[in-house]
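Beneath this line is the structure, given in structure tokens, with notes to follow.
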Amino acid sequence: MSMRKILSIGLVLVSIGGIAVSAINLIPYLREEAQSASLYAELAAIHAAGDDSHTDGIIVTPMATTTVTNAEERDQVDGEASLPDETSEPTLPPVIHSGLLALHEKNPDCVAWITIEGTVIDYPVMYRPGQKNYYLHRDFNGNHASAGALFIAENCDPDDSDNVIIYGHHMNSGKMFAALNKYKKQSFYEEHKRIVFETLHGSEAYEIMFAFTTPVYTGHDFAYYAFSKANSAEEYDAYISACRERALYDTGVTEQYGDKLLTLSTCEYSQKNGRMVVVARKINE
149 MSMRKILSIG
159 LVLVSIGGIA
169 VSAINLIPYL
179 REEAQSASLY
189 AELAAIHAAG
199 DDSHTDGIIV
209 TPMATTTVTN
219 AEERDQVDGE
229 ASLPDETSEP
239 TLPPVIHSGL
249 LALHEKNPDC
259 VAWITIEGTV
269 IDYPVMYRPG
279 QKNYYLHRDF
289 NGNHASAGAL
299 FIAENCDPDD
309 SDNVIIYGHH
319 MNSGKMFAAL
329 NKYKKQSFYE
339 EHKRIVFETL
349 HGSEAYEIMF
359 AFTTPVYTGH
369 DFAYYAFSKA
379 NSAEEYDAYI
389 SACRERALYD
399 TGVTEQYGDK
409 LLTLSTCEYS
419 QKNGRMVVVA
429 RKINE
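Those letters in the sequence shown? Residues 149 to 433, per this note's numbering, in order.
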């Protein structure tokens, strides 16, 4: 057998060995992907089983209904009591989606569900302020997972913050927050302008205002991740202006001080430590 043939056979064997090693290394990844898909399918089924279209099975927050009058006491006219001349309808408590409540009971860290119709973004949202990035590499059940879970930043208070920041991985599979990178194109935005954010206080709707990319942790970057509460209208407007300056296109959506914001963030790979950021404002329906 010639030396050339021996070398050729050797190269083939090395190649086969490399492929075999790669396949072996891929098995744990594929197993984890399958487990993640199974878990989130289960969670989606629990969420979908809830129905907020009627009152049966719906849990509402404990809030007393009240009737507001134009006076604390009846006025006395000529010695006779007169009834209030104005009344308002009773204030109804918000409705909580029973599917979300079931997930919250399963894991109290689950405080919301986010959906962007027409995308894979349809997931529970976790919140554990006492432990930074707890769900970065943990799934809904707290088990290790490369995809992690969507989670609210520790510096936010979902009930009180002016800006609720939600982080999620940009998975090569397209799952979690990978779809946010599609907002680089205005045509995608035009078809996916709305975010539904179900919380333990009721369902909220948001319209997207800005989509932009930015580096982080450079020492002189736009620290969008630090803004959760505005101490003044000037501070709120400064954040909005900074977002608008970086926006990839003009959505035409305007805001005013006091509008609640939702900021979604994931990795972006065109730059070092890049982030893709989508900012939306709450709308009243």
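From the three backbone atoms N, C-alpha and C, an ideal C-beta is built for every residue, glycine too.
Since the model is a prediction, treat every value here as computed from it, not as a measurement.
- If you keep only unbroken beta strand (DSSP E) runs of at least 3 residues inside the segment 318-359, you get 342-347.
- Judged by beta-carbon spacing, Val364 lies beyond the 8 Å limit of Arg429, meaning their Cβ atoms are not closer than that value.
- In the structure shown, the three-state DSSP call for Ile194 is helix.
- Ranked by Cα distance from Ala182, the options Cys258, Lys323, Thr402 and Tyr372 are led by Lys323.
- Gly422 sits in a strand when the DSSP states are folded into three classes.
- Taking C-beta atoms under 8 Å as the contact rule, Ile264 and Val273 fail to qualify, at a distance of about 13 Å.
- Per DSSP, the unbroken beta strand (DSSP E) holding Leu298 starts and ends at Leu298 to Ile300.
- Burial is judged here by how many other beta carbons sit within 10 angstroms of a residue's own beta carbon; Arg286 has at least 16 and is buried.
- Cα atoms of Ala260 and Leu191: separation of roughly 12 Å, rounded to the nearest angstrom.
- With the rule of 3 Cβ pairs closer than 8 Å, the segment 334-346 counts as touching the segment 395-404.
- In this chain, the beta strand (DSSP E) harbouring Glu416 covers Leu409 to Glu416.
- Contact between Arg394 and Phe375 is absent: CB atoms are separated by about 13 Å, not below the 8 Å threshold.
- Here the alpha carbon of Asn379 sits roughly 23 Å from the alpha carbon of Glu352.
- Lys377 sits in coil when the DSSP states are folded into three classes, being neither helix nor strand.
- Thr362 is bridged by DSSP to Arg423.
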